[in-house]
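What follows is a single structure, written as structure tokens, with notes after it.
Number of protein chains: 4
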Amino acid sequence: MHNIAQIGIGRMGALHLRNVVANPRLKLTWIVDPAPEAANAARQYQAKITTSLDEALADPNVKGVVVASPTAFHLEHVLACLKAGKAVFCEKPLDLDLGRLKAAEKELSKPAAPLFVAFNRRFDPHFRKLKRHIVDGTIGALETINIINHDPAAPPAHFIGTSGGLFKDFTIHDFDMAAWLMPDPLTEIFAWTSCLVDPAIAEAGDVDTARLLLRDAKGRMCMISNTRRSGCGYDQRIQAFGSKGMASANAVPQDATEIWQEHGALRAPLHPGFIGRYAEAYRAELDHFADILDGKAKPETSYDASIQSLALAEAAARSVTLNAPVKL
Amino acid sequence: MHNIAQIGIGRMGALHLRNVVANPRLKLTWIVDPAPEAANAARQYQAKITTSLDEALADPNVKGVVVASPTAFHLEHVLACLKAGKAVFCEKPLDLDLGRLKAAEKELSKPAAPLFVAFNRRFDPHFRKLKRHIVDGTIGALETINIINHDPAAPPAHFIGTSGGLFKDFTIHDFDMAAWLMPDPLTEIFAWTSCLVDPAIAEAGDVDTARLLLRDAKGRMCMISNTRRSGCGYDQRIQAFGSKGMASANAVPQDATEIWQEHGALRAPLHPGFIGRYAEAYRAELDHFADILDGKAKPETSYDASIQSLALAEAAARSVTLNAPVKL
Amino acid sequence: MHNIAQIGIGRMGALHLRNVVANPRLKLTWIVDPAPEAANAARQYQAKITTSLDEALADPNVKGVVVASPTAFHLEHVLACLKAGKAVFCEKPLDLDLGRLKAAEKELSKPAAPLFVAFNRRFDPHFRKLKRHIVDGTIGALETINIINHDPAAPPAHFIGTSGGLFKDFTIHDFDMAAWLMPDPLTEIFAWTSCLVDPAIAEAGDVDTARLLLRDAKGRMCMISNTRRSGCGYDQRIQAFGSKGMASANAVPQDATEIWQEHGALRAPLHPGFIGRYAEAYRAELDHFADILDGKAKPETSYDASIQSLALAEAAARSVTLNAPVKL
Amino acid sequence: MHNIAQIGIGRMGALHLRNVVANPRLKLTWIVDPAPEAANAARQYQAKITTSLDEALADPNVKGVVVASPTAFHLEHVLACLKAGKAVFCEKPLDLDLGRLKAAEKELSKPAAPLFVAFNRRFDPHFRKLKRHIVDGTIGALETINIINHDPAAPPAHFIGTSGGLFKDFTIHDFDMAAWLMPDPLTEIFAWTSCLVDPAIAEAGDVDTARLLLRDAKGRMCMISNTRRSGCGYDQRIQAFGSKGMASANAVPQDATEIWQEHGALRAPLHPGFIGRYAEAYRAELDHFADILDGKAKPETSYDASIQSLALAEAAARSVTLNAPVKL
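Residue numbers (the numbering used here), protein chains in the order written: chain A, 59 to 386; chain B, 59 to 386; chain C, 59 to 386; chain D, 59 to 386.
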């Protein structure tokens with residue numbers, strides 16, 4: 059069992075905390091967070107608590123750190139942990155600013171300790187199976203991909219201001235999926251956006267609806283469909299079209315029940331949000347972190363994936379500004 | 059094109075009439091029916107009209123007769139047509155009384171002209187495909203079958219009195235399916251019934267809900283599930299279980315649309331009744347009749363199938379009375 | 059019953075011929091076609107045959123003409139029929155050249171007799187139901203649409219030369235669907251294409267794969283996904299996303315059977331082509347034509363729809379050439 | 059956190075052990091098992107190990123015991139734990155012999171400490187949702203139920219000898235489901251069985267295929283369909299039919315992917331066995347045990363449910379022997 063310190067137990071932090079505690083290969087040792095809930099959690103799980111990251115990092119028994127602080131602190135905390143020689147688990151994004159990331163390229167791309175920047179969908183069993191179907195040639199040669207990423211309901215407008223905007227906050231997952239599933243580097247991007255869901259989002263300077271196209275040098279294409287509010291739960295789907303058919307990861311209902319009545323046959327609703335939809339993915343991320351701590355695996359996603367998806371987000375924004383395709 | 063006389067244009071008759079007219083190999087020549095609508099139909103389709111079956115049968119150009127009179131007249135009309143040397147199409151049942159049928163065995167089992175007693179489900183493309191999966195060994199050796207036959211809504215109680223009762227009027231289709239799909243003769247039957255839908259049905263001396271079991275000498279089994287009122291449209295399903303998996307003919311929705319909302323994903327409702335659900339089957343029956351008239355085919359179902367399913371219905375009724383299995 | 063002359067009984071013509079014969083409100087009177095099969099068909103259906111369109115048009119009993127000649131002759135034949143005062147049924151396209159169509163605007167937009175240019179998908183029950191869900195507000199306010207139109211297998215390259223190219227021959231249906239389903243006029247289009255299916259198509263100067271985006275003045279968007287070869291049958295789907303959920307017309311399997319085995323649960327394959335998939339739509343078109351002949355309906359689609367979809371096809375081609383969005 | 063001793067870490071025991079360790083409210087303190095793997099597990103999870111149940115029970119810190127010894131020892135171990143005043147979690151069956159259970163009725167029905175006899179399906183989220191649909195009246199008044207319980211592959215024949223036979227080992231779950239879902243006590247049972255899967259099972263004196271009917275005093279009915287080998291994974295389904303429609307818990311595929319090819323659309327296979335299919339149920343059972351230890355809940359299933367399902371199994375066996383329905 060590897061001793062773990064965790065920074066931050068907000069919404070995402072609480073989720074990771076439960077998974078750390080439930081993972082038989084990890085042992086929660088420190089919680090770094092000033093919130094009163096943190097004290098309760100520390101008591102419940104028999105961990106130590108501190109408001110000083112340095113104190114936790116100074117503990118030689120700590121092998122890995124789960125960085126779950128607010129996004130704005132990710133980079134600072136990650137760098138501190140790496141400097142202390144601790145393996146790092148940090149849910150993406152590492153940072154919202156491409157320039158700041160590149161400024162730390164040296165410490166991040168060849169880190170002093172393993173740096174795992176987790177992209178949850180890469181660990182989702184449905185998308186992993188889809189990837190395997192593509193790689194195995196089940197659908198022949200891959201030609202095009204359609205990604206649907208529709209959030210259940212728009213965040214409050216005040217969140218929008220700090221989110222980094224639709225592309226960096228939301229489409230970022232689709233950029234990572236596109237880059238992961240497409241066999242060659244993407245070479246060009248085109249994007250249209252609208253504000254159809256909530257005028258307050260437009261007032262906050264953002265958009266809530268998008269369609270994007272990406273392509274590679276061989277003419278393969280990928281379409282991304284985004285909305286901040288689906289009206290029908292968390293609609294996450296990817297379809298991959300090849301020379302011998304289609305493979306898809308469909309939207310995931312909450313359970314396998316149905317009700318048949320006169321007006322139709324009603325399947326259970328989709329998961330209402332990412333916490334339920336990606337519950338297995340978040341557990342699998344921590345398993346991967348345990349593998350990394352065991353020395354059995356290298357981080358599947360790290361600085362490179364962060365840079366890559368952020369660069370796509372910035373190119374998409376340029377495409378919107380220019381109303382023209384942008385070369386990558 | 060074969061000249062056709064049709065007897066009766068009630069609900070089922072009107073359905074067959076449309077199919078006769080739409081079939082490029084059949085030509086409607088006579089309508090035998092006293093109803094005023096019959097005169098309209100005759101005018102519209104440029105057919106002759108009469109109230110005398112003999113008159114139509116005397117027409118040497120008439121090659122086949124569609125018998126769509128009320129059930130109580132089926133046998134009489136069929137025998138008259140056969141005697142006149144006309145090929146006969148008659149939707150099952152030939153008669154509700156096994157004794158009466160057997161009394162006419164000579165004329166019916168070796169008829170003077172082709173006798174096609176149509177069982178609509180045998181011509182349904184879904185069930186035909188299921189049968190092919192069974193025969194082809196797609197699911198290995200067949201072991202058991204589950205048949206669901208649930209009507210959308212109970213008929214008025216006054217109909218119940220003349221219907222022949224649940225087994226002869228309704229389960230009869232399932233008996234025919236069981237006999238058709240099972241590879242060996244059925245040897246034993248067990249049935250339970252209830253009146254759960256409408257007390258007026260009980261008052262009319264009938265039941266509206268049933269579960270039946272059938273088996274053959276090798277221990278293969280078939281379950282039949284019946285209700286007169288599903289509350290969710292016309293629920294017609296068969297599942298066949300074999301040594302290498304399952305093949306099923308699923309319930310058929312009215313169309314391929316869906317609506318996804320917060321409370322779930324709603325598929326289009328099932329067909330509201332047999333006319334929509336079995337539209338293709340009824341057309342296929344008449345195509346089969348055209349094949350028979352062409353001399354290309356022998357009737358797939360005739361006197362034998364009628365006897366067989368009626369005998370199962372009577373055995374089922376005995377099982378209910380005895381509350382015990384009945385050997386066939 | 060309305061007397062009908064039909065011009066052409068090639069692949070599409072034979073399909074329409076069967077539907078004319080099966081429609082109880084239409085009576086096939088003339089076949090205009092020099093092919094030997096035409097003589098057989100005329101004999102079978104007791105119609106007259108001629109190689110002279112004028113002869114058929116001179117028959118005062120002929121009320122309507124089904125124009126099913128090769129596309130290159132559509133416009134000439136349609137104009138001749140209209141001049142003779144006959145109602146016209148012509149499967150789209152009226153012509154592949156926008157200039158030629160506009161040159162005949164006077165005769166086509168205010169025709170001397172009803173002109174029905176049939177777009178089959180408008181008569182498909184699945185897409186009509188989808189349209190109703192949109193119009194009825196079932197999914198709230200419509201925001202975006204994703205259209206998938208994937209052909210089962212690419213046509214031979216020699217066909218490509220005369221087809222008008224992917225946009226005019228194939229995407230044309232999607233342009234019509236987009237215009238029909240979107241509540242406001244489309245204002246801008248962007249298109250990317252590739253040749254991924256068959257290099258012979260590229261040699262013939264065409265493409266086989268496309269992704270297109272359209273939008274309207276309010277920021278609603280529509281995505282179109284095209285390939286000439288799906289590898290999985292005729293994949294025709296539309297999803298409409300609104301403020302209260304999604305409505306979709308899903309791909310249509312050939313039947314409702316499934317086979318469950320160790321490696322998965324296999325639904326019946328999609329229809330292998332448009333003839334099966336749109337069988338009901340083609341019948342419904344002719345019903346609509348019968349309504350027009352009855353004076354009960356005006357043509358749902360005529361010159362305007364033809365112009366509109368052709369204009370979108372030409373704009374899409376310009377977008378590809380410029381690699382930029384094009385205003386409509 | 060409640061200190062837990064666990065007896066037995068075989069196949070089921072290993073599963074429960076992982077869930078105990080992953081449950082943040084439970085702390086594994088003792089493993090009682092002589093196997094070498096037990097020593098490893100104890101080391102890994104920092105628990106103590108013993109071969110003496112008494113030693114573990116003597117530890118006053120132990121609040122609850124997970125009894126996961128072989129079925130033949132369940133009753134003895136459960137009674138010992140209760141005598142020591144420890145709350146007990148024991149996966150069903152408590153025992154295979156109704157007489158032996160009744161002999162211990164006093165200790166078991168009013169136990170000295172909470173006794174939770176876990177029936178996994180009662181804790182399955184799909185079946186719980188189905189139950190809620192029934193209780194809430196979503197499908198109106200419940201009328202009939204169809205239960206499909208098909209195992210992926212038959213156990214080796216040598217297991218059959220100690221299993222208690224199909225009804226006690228396998229159908230027992232369906233008996234419990236029937237009793238749980240039906241609103242009134244069941245009053246009569248009828249059963250047919252066959253040996254179709256493996257002749258070695260017949261040689262071992264058992265059967266592998268069954269169809270059963272149950273009913274209550276109001277005429278509601280329940281059908282159970284069993285096979286030891288489905289050929290298509292672990293096929294677990296329940297359909298409940300009511301006056302206003304049907305509610306079902308469908309078979310659960312391993313994931314939400316599909317592959318569409320020329321021969322059809324292939325959904326991911328069903329779970330290959332109970333461990334995957336009921337993973338959530340087993341976790342939920344332990345959550346319920348934690349609730350019991352917290353004093354927040356009483357055991358949902360205990361001695362009564364064990365007796366009830368065993369009595370149904372014995373009545374079913376009598377029905378087979380008599381080839382007649384048996385009153386309960």
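In this text, a Cβ means the ideal position worked out from N, Cα and C, and glycines have one as well.
>> Rounded to the nearest angstrom, what separates Glu358/C and Phe174/C at their Cα positions?
In response: 7 Å
>> So, at 7 Å on beta carbons, what are the nonlocal neighbours of Phe233/D in its own chain, with the 5 sequence-adjacent residues on each side left out?
In response: Ser367, Leu370, Ala371
> Hey, His74/C and Val123/C: beta-carbon distance below 8 Å or not?
Replying inline: no
>> Between which residues of its own chain and Thr285/C is the CB-CB distance below 6 Å, once the five residues before and five after are set aside?
In response: His208, Thr267
> Tell me, which residues are paired with Thr359/B by DSSP?
Replying inline: Paired residue(s): none; Thr359/B is not in a bridge.
> Is the CB of Val124/C under 8 Å away from at least one CB in chain B?
Replying inline: no
> Mind pulling the chain D residues with CB within less than 8 Å of Cys290/C?
Replying inline: Trp318, Gln319, Glu320, Ala323
>> If you reduce the DSSP assignment to three classes, tell me which class Met59/B lands in.
In response: coil
>> Counting only beta-carbon separations shorter than 8 Å, does Val255/C have a partner in chain B?
In response: no
>> For Ile203/A, list the residues DSSP reports as bridge partners.
In response: Cys280/A, Ala298/A
>> Within the continuous beta strand (DSSP E) that includes Gln102/C, where are the two ends?
In response: From DSSP, Gln102/C is part of no beta strand (DSSP E) but of the alpha helix (DSSP H) over 94-103.
>> Would you say the beta carbon of Ser364/C is closer than 7 Å to some non-hydrogen atom of the ligand NAP?
In response: Here there are no bound small molecules, and the ligand NAP is not part of this structure.
>> Let me check understanding here. Comparing Cα to Cα, which of Pro243/A, Met235/A, Ser301/A, Asp345/A lies closest to Asp274/A?
In response: Pro243/A
> Going along chain A, which residues have a C-beta under 8 Å from Asn308/D?
Replying inline: Ala314, Thr315, Glu316
> Can you name the residues of chain A whose CB is closer than 9 Å to the CB of Met304/D?
Replying inline: Glu316, Ile317, Trp318, Gln319, Ala323
>> Residues of the segment 202-236 of chain B in Cβ contact with chain D at a cutoff of 9 Å, in chain order, please.
In response: Thr202, Asn204, Ile206, His208
> At a Cβ threshold of 8 Å, is Gly198/C touching chain A?
Replying inline: yes
> With 8 Å set as the bound, which would you pick, yes or no: does the beta-carbon of Leu188/C sit closer than that to a beta-carbon of chain B?
Replying inline: yes
>> For Phe299/B, would you say it is in contact with chain D, using Cβ-to-Cβ distances shorter than 8 Å as the test?
In response: yes
> Which of the three DSSP states, helix, strand or coil, is assigned to Val378/D?
Replying inline: helix
> Rounded to a whole number of angstroms, what is the C-alpha to C-alpha distance between Val146/B and Gln297/D?
Replying inline: 41 Å
> Do the segment 197-217 of chain D and the segment 212-220 of chain B touch if we need at least three Cβ pairs shorter than 8 Å?
Replying inline: no
> Does Leu271/B come within less than 8 Å of chain D when only Cβ atoms are used?
Replying inline: yes
> In chain A, what lies closer than 9 Å to Pro327/B by C-beta?
Replying inline: Trp318, Gln319, Glu320, His321, Gly322, Ala323
> Which ranges would you report for the beta strand (DSSP E) in the segment 123-199 of chain A if only whole runs of at least 3 residues count?
Replying inline: 145-149, 173-176
>> So the candidates are Met235/D, Asp264/D, Leu271/D; which of them puts its Cα closest to the Cα of Ile247/B?
In response: Leu271/D
> According to DSSP, is Val78/A helix, strand or coil?
Replying inline: helix
> Are any of the Cβ atoms in chain C nearer than 8 Å to that of Pro357/A?
Replying inline: no
>> Do Ala99/C and Ile67/C have their beta-carbon atoms positioned less than 8 Å apart in this structure?
In response: yes
>> So, at 8 Å on beta carbons, what are the nonlocal neighbours of Pro128/D in its own chain, with the 5 sequence-adjacent residues on each side left out?
In response: Gly66, Gly68
> Name the chain A residues whose beta carbon is nearer than 7 Å to that of Phe248/C?
Replying inline: Phe248
>> By the three-class DSSP mapping on this structure, what secondary structure does Ser110/C have?
In response: coil
> In the segment 70-83 of chain A, which residues sit with their C-beta less than 8 Å from some C-beta in chain D, listed in chain order?
Replying inline: Arg76, Val79, Ala80, Asn81, Pro82
>> Strictly under 8 Å for the Cβ-Cβ distance: is Pro330/A near chain D by that measure?
In response: no
>> Quick check on Pro243/D - is its C-beta less than 8 Å from some C-beta in chain A?
In response: no
> Exposed or buried, what is Glu149/A when buried is set at 16 or more other beta-carbons lying within 10 Å of its beta-carbon?
Replying inline: buried
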